[in-house]
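Worksheet: one structure, shown below.
2 protein chains.
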Amino acid sequence: MTRIVEPEAGPRSKRAAILTAAVDCFGEAGYEATKWSTVAERVGIGQTALYHYFESKTHCLLTIMRLELERSHDRFVEATKDVEDPVEALRTAVRAAYDVSPHEVLQMRILQNHMDLLSGTRRSKREEAERVAARQLVQVVERDWTNLLVKGMSQGSFPLRDAQLLGSSVLGLIVSVWRWYRPSGPTPLSEISELIEGACVRMVAS
Amino acid sequence: MTRIVEPEAGPRSKRAAILTAAVDCFGEAGYEATKWSTVAERVGIGQTALYHYFESKTHCLLTIMRLELERSHDRFVEATKDVEDPVEALRTAVRAAYDVSPHEVLQMRILQNHMDLLSGTRRSKREEAERVAARQLVQVVERDWTNLLVKGMSQGSFPLRDAQLLGSSVLGLIVSVWRWYRPSGPTPLSEISELIEGACVRMVAS
DNA sequence: AACTGAATTGAACTTAACTCAGGTTGATCT
DNA sequence: AGATCAACCTGAGTTAAGTTCAATTCAGTT
Chain A
1 MTRIVEPEAG PRSKRAAILT AAVDCFGEAG YEATKWSTVA ERVGIGQTAL YHYFESKTHC
61 LLTIMRLELE RSHDRFVEAT KDVEDPVEAL RTAVRAAYDV SPHEVLQMRI LQNHMDLLSG
121 TRRSKREEAE RVAARQLVQV VERDWTNLLV KGMSQGSFPL RDAQLLGSSV LGLIVSVWRW
181 YRPSGPTPLS EISELIEGAC VRMVAS
Chain B
207 MTRIVEPEAG PRSKRAAILT AAVDCFGEAG YEATKWSTVA ERVGIGQTAL YHYFESKTHC
267 LLTIMRLELE RSHDRFVEAT KDVEDPVEAL RTAVRAAYDV SPHEVLQMRI LQNHMDLLSG
327 TRRSKREEAE RVAARQLVQV VERDWTNLLV KGMSQGSFPL RDAQLLGSSV LGLIVSVWRW
387 YRPSGPTPLS EISELIEGAC VRMVAS
């Protein structure tokens, strides 16, 4: 469990700007469809300057994914920390999952579209470090949801079922939205949130 | 709605062999991680021979995705065609979705991992044709599930809800499995199938 | 045997990610 | 203020993988 230390930002570091630009590009055009040099342009630097901050295009992608996973986990913990009733906790967690900015929507999309990157090991050190960290965070987030279910089951609020499998399924249901949802689309996120919230409760509690 | 005509197989065509090899490679190592030339090797031809059958690596990928979508649709129709009761139809459809061979598991994985390809338009003719066909098939499959829900709702078997959104969600739940499921893993597909079947019924019918 | 179109190939081309050796900037210290 | 040094940046060149192309082989047909 080696933690990744965020490189402390020198005063003229463009790391944050690169991440922001990359999220916009990768999220809208897709990772493969966007040229690494385009990200550089958007930030206002030469393409080779990118390598001062990231070892590779993939390293940047993995970093975005890890950051998004950290965010998801933190948000889950923050939202559910003092909700006692399991059903309410579940509802709160679902609502929190959809309480996101447009930029975060892009990050979720990127994360979902490239989960498969977390399977195979990477060649370079820093890439592999990010990959492993992200992989672990996936498990952490899965455990967040599974624990919620376990608690509810042991309290008798939820019928007893395979909490592991059901947890993954609930999570899968929730994040599946990010594959098709577009802020510009016909369905507002609030409506989606409500429907999924109900669906999750029925899935788990009835 | 231009249908794609499957190129009729000349007696010594290697198209099928290429598709099989590509599914194995893309499914196990990942699309980007596998070199196009590796597929050629596995089939036993030079890399340039691939271009006699597919315009590009992406064209091959899109073809795999379209074929898998056609299969999913056909299987859904076949499985549910003479099941009257909506709840039974739903159960049957879910079971059919998980009644797949290991090779089909790979195809589903590939499909799910590259859905984002279907968003942006492609440069070349044949690629774009496959993309549009696949895109349409996604909608067809979504309609399959949505129609099932609509029927159940109008018959009073399911409570009235946004069938469109609920249909996408059910489908999203079902296919989310292919992102993590491995035949070699600890959980047998039968167990997954049963849990998801129950979850879908509760989601929709209660 | 000549013909035809499908199937195949080696060599060359293209593109985008990446490397490298060196140059610039600006925060900090004396 | 001037020196220093690490952070930051760049242009030129390399590499790897996908792709193109002109030429060739092969199998079946007339």
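Order-wise, the sequence lines are chains A and B. Residues 1 to 206 (the numbering used here) make up the first sequence, in order. Residues 207 to 412 (the numbering used here) make up the second sequence, in order. Glycine included, C-beta positions come from ideal geometry on N, C-alpha and C. These numbers were taken from a predicted model, which means no experiment stands behind them.
Could you spell out where the alpha helix (DSSP H) holding residue i opens and where it closes?
i, result
"M386 (chain B)", "One point to set straight first is that residue 386 (chain B) is Trp, not Met, in the sequence displayed. It is not in any alpha helix (DSSP H) - W386 (chain B) carries neither H nor E in the DSSP assignment."
"I398 (chain B)", "L395 to A411"
"E142 (chain A)", "K125 to S154"
"I210 (chain B)", "Segment: none, I210 (chain B) is in no alpha helix (DSSP H) and carries neither H nor E."
"S37 (chain A)", "W36 to V43"
"A33 (chain A)", "It is not in any alpha helix (DSSP H) - A33 (chain A) carries neither H nor E in the DSSP assignment."
"Y51 (chain A)", "L50 to Y53"
"S325 (chain B)", "Counting along the chain, S325 (chain B) falls outside any alpha helix (DSSP H), and DSSP gives it neither H nor E."
"L209 (chain A)", "The requested residue 209 (chain A) does not occur in the structure, where chain A is confined to residues 1 to 206."
"Q313 (chain B)", "P308 to N319"
"P292 (chain B)", "P292 to A303"
Step through the CB atoms of chain A and report whether any lies within less than 8 Å of the CB of residue i.
i, result
"W469 (chain B)", "This structure gives no information on residue 469 (chain B), because the portion of chain B shown stretches from 207 to 412."
"G236 (chain B)", "yes"
"N353 (chain B)", "no"
"D230 (chain B)", "no"
"R337 (chain B)", "no"
"A405 (chain B)", "yes"
"R329 (chain B)", "no"
"A239 (chain B)", "yes"
"S414 (chain B)", "Because chain B spans 207 through 412 in this model, residue 414 (chain B) falls outside it and cannot be assessed."
"G233 (chain B)", "no"
"L401 (chain B)", "yes"
"S390 (chain B)", "no"
Under 8 Å Cβ to Cβ from residue i, same chain only, skipping five residues before and after it: list those, please.
i, result
"R71 (chain A)", "E104 and Q107"
"I192 (chain A)", "Y98, V177 and Y181"
"V283 (chain B)", "D350"
"G46 (chain A)", "A40"
"S363 (chain B)", "D291, P292, V293 and A411"
"P389 (chain B)", "P308, V311 and L395"
"M359 (chain B)", "P365, L366, R367 and A369"
"L354 (chain B)", "T286, P292, A295, L296, A299 and G373"
Consider the Cβ of residue i: report whether some Cβ of chain B lies at a distance smaller than 8 Å.
i, result
"R179 (chain A)", "yes"
"T187 (chain A)", "yes"
"S13 (chain A)", "no"
"D82 (chain A)", "no"
"M65 (chain A)", "no"
"M1 (chain A)", "no"
"A134 (chain A)", "no"
"L50 (chain A)", "no"
"S72 (chain A)", "no"
"I45 (chain A)", "no"
"R126 (chain A)", "no"
"G10 (chain A)", "no"
"S56 (chain A)", "no"
"S190 (chain A)", "no"
"R202 (chain A)", "yes"
Can you list, in chain order, the residues of its chain with a C-beta nearer than 7 Å to that of residue i? Leave out the 5 residues immediately preceding and following it.
i, result
"R126 (chain A)", "E55 and H59"
"I114 (chain A)", "Residue identity check: residue 114 (chain A) is His in the sequence provided, not Ile. Hits under 7 Å: Y31, L61 and M65."
"T240 (chain B)", "C231 and F232"
"A79 (chain A)", "T92, A93 and A96"
"S374 (chain B)", "E348"
"E197 (chain A)", "R91, V94 and R95"
"V138 (chain A)", "L69 and L118"
Can you find the residues in the same chain that come closer than 6 Å, C-beta to C-beta, to residue i, ignoring five residues on each side of it along the sequence?
i, result
"R122 (chain A)", "E128 and R131"
"W36 (chain A)", "K57"
"V175 (chain A)", "Q112"
"D245 (chain B)", "The question names Asp, yet the displayed sequence has Val at residue 245 (chain B). A227, A228 and C231, listed in sequence order."
"M271 (chain B)", "L317 and A340"
"A17 (chain A)", "V43"
"L395 (chain B)", "Y304"
Flag residue i as yes when its Cβ comes closer than 7 Å to any non-hydrogen atom of the ligand SAM, and as no otherwise.
i, result
"K57 (chain A)", "The model on display carries no ligand, and the ligand SAM is accordingly not part of it."
Quick one, which residues of the region 292-317 of chain B are near chain A if we go by CB-CB under 9 Å, in chain order? For the region 292-317 of chain B, residues whose beta-carbon sits nearer than 9 Å to a beta-carbon of chain A comprise R315.
Any residues in the region 140-173 of chain A with a beta carbon nearer than 9 Å to a beta carbon of chain B? Which ones, in chain order? The region 140-173 of chain A vs chain B, Cβ under 9 Å: R161, D162, Q164, L165, L166, S168, S169, V170, L171, G172 and L173.
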